[in-house]
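The numbering used here puts the last residue of the sequence shown at 319; the count rises by one with no breaks. Cβ atoms here follow ideal geometry from the backbone N, Cα and C, with glycine treated the same way.
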Amino acid sequence: MEAQRFPAIPAIKDAALAACDAIDGVQDSVIENPRRCNFDPAALLCSGADDLACLTSPQVEAVKKIFASGSPSGQLLVTTAVYDDPVAGATVLHLPVPLDGPGVHIHDNWRTMGMRATGSNDITIEGVFVPDHSVGVRRPKGKWHEFFDVHSAVVWPLVMSVYVGVAEAARLLALSQAAKRRDDPIVQGLVGEMDTHLAGAQVALREMVALGSDYDYQPRLERSNKVFVYKTIVARSALCAVERALEVCGGASFFRSAGIERILRDIQGVRFHPWQERKQYVFSGRVALGLEPV
26 MEAQRFPAIP
36 AIKDAALAAC
46 DAIDGVQDSV
56 IENPRRCNFD
66 PAALLCSGAD
76 DLACLTSPQV
86 EAVKKIFASG
96 SPSGQLLVTT
106 AVYDDPVAGA
116 TVLHLPVPLD
126 GPGVHIHDNW
136 RTMGMRATGS
146 NDITIEGVFV
156 PDHSVGVRRP
166 KGKWHEFFDV
176 HSAVVWPLVM
186 SVYVGVAEAA
196 RLLALSQAAK
206 RRDDPIVQGL
216 VGEMDTHLAG
226 AQVALREMVA
236 LGSDYDYQPR
246 LERSNKVFVY
256 KTIVARSALC
266 AVERALEVCG
276 GASFFRSAGI
286 ERILRDIQGV
296 RFHPWQERKQ
306 YVFSGRVALG
316 LEPV
């Protein structure tokens, strides 16, 4: 399979500049802060015959997919593309792309509020050839697939363990800051609340790990659903634990030398991994009601 070569790249550039160049108050053909740019490539979707000034549906999807973690040190980008299969219809392809290969460009634009240690960047892929035998999974677009039941119990305990570790680090900093105020009953209550939330995150994480059964399990929707339920519990509990740690530290938390403000920023990333909390509620509700999960 050969990925789309994007002959419409000049049109994409011009449309993005038209939408976002002036955000910083200066029209200089430079988008100073891409994260503030709300340009939607779907605005360039072809309404008739393909030409160099518009994008096909697969191209629109590809233009949007330019974010990856671990890109500075990784060797392989595993991503997806939508293929309009003439028989099966819209099909999602899971495929690998070498990060050091021709047509792959890693942008130095990771300017974020938190989680900078993830080594994330935007990545542009243009004119990259992926042979058919390298496509690992083919699945219908917009439908639940057994691939997710294999994936969920392996990946999400690993991801959420990072955030539990962040919350545990916040606890240690908070206890250090509170040492001189340990006789204050308000501080005592905050520490107890912090530890209770942290314990909830740790217990839910252990349940997630147990569902992985040391990689010896049968992929089932019910197992995936439990993983996502525990994932939400970990996220909410870790967020609350860090917020209480901030209160324990008091005014000292505003100083970067204390370290807690960095942790407060880093923990926010837990909100945005799929399924996000509200989507997980709908997902789990549909499973419980015997409906298709998505």
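Reducing DSSP to helix, strand and coil, say where residue i ends up.
i	result
F154	strand
V267	helix
D39	helix
A118	Correcting the residue type first, residue 118 is Leu in the shown sequence and not Ala. Strand, per DSSP.
T143	helix
A68	helix
A47	helix
R106	Looking at the sequence provided, one finds Ala at residue 106 rather than Arg. Three-state DSSP puts A106 in a strand.
A113	coil
V319	coil
L246	helix
E27	Because E27 carries a pLDDT of 40, less than 50, the predicted location of this residue cannot be relied on, and no value is offered for it.
Using a 10 Å radius around the Cβ and a threshold of 16 neighbouring Cβ atoms, would you call residue i buried or exposed?
i	result
D291	buried
L120	buried
P182	buried
S278	buried
S249	buried
M233	buried
R196	buried
V179	exposed
Q52	exposed
F253	buried
F308	buried
A67	exposed
K256	buried
T312	The amino acid occupying residue 312 in the given sequence is Val; Thr does not appear at that position. V312 comes out buried.
V112	exposed
V212	buried
Q243	exposed
Q100	exposed
A283	buried
L289	buried
Cα-Cα, which of the options is closest to residue i?
i	options	result
T104	G114, L118, S98	L118
S201	P210, G237, A270	A270
L223	R245, M185, D133	M185
F297	Q227, F308, A260, L316	A260
V175	Y240, V319, G139	Y240
G310	E286, G284, K251, V273	K251
P156	V122, K166, F172, T143	V122
P97	W135, D209, K205	W135
V153	K168, T143, E272, D125	D125
D220	G50, D208, S238, S262	S262
L246	A203, I258, L316	L316
P299	A36, V129, V319, T137	V319
E151	P127, T137, R141, L102	P127
With distances taken between CB atoms, is the gap from residue i to residue j smaller than 7 Å?
i	j	result
A40	L69	yes
A229	A192	no
S145	S94	yes
H132	D147	yes
V107	Y188	no
A199	C265	no
G139	Q301	no
A115	K168	no
R164	H170	yes
V162	F172	yes
E272	L236	no
Start-end ranges of the alpha helix (DSSP H) lying completely within the segment 159-235, minimum 4 residues: Counting whole runs of 4 or more residues, the segment 159-235 contains the alpha helix (DSSP H) stretches 171-202.
Which full runs of the alpha helix (DSSP H) of 4+ residues lie inside the segment 250-294, going along the chain? Counting only runs of 4 or more, we get 285-292.
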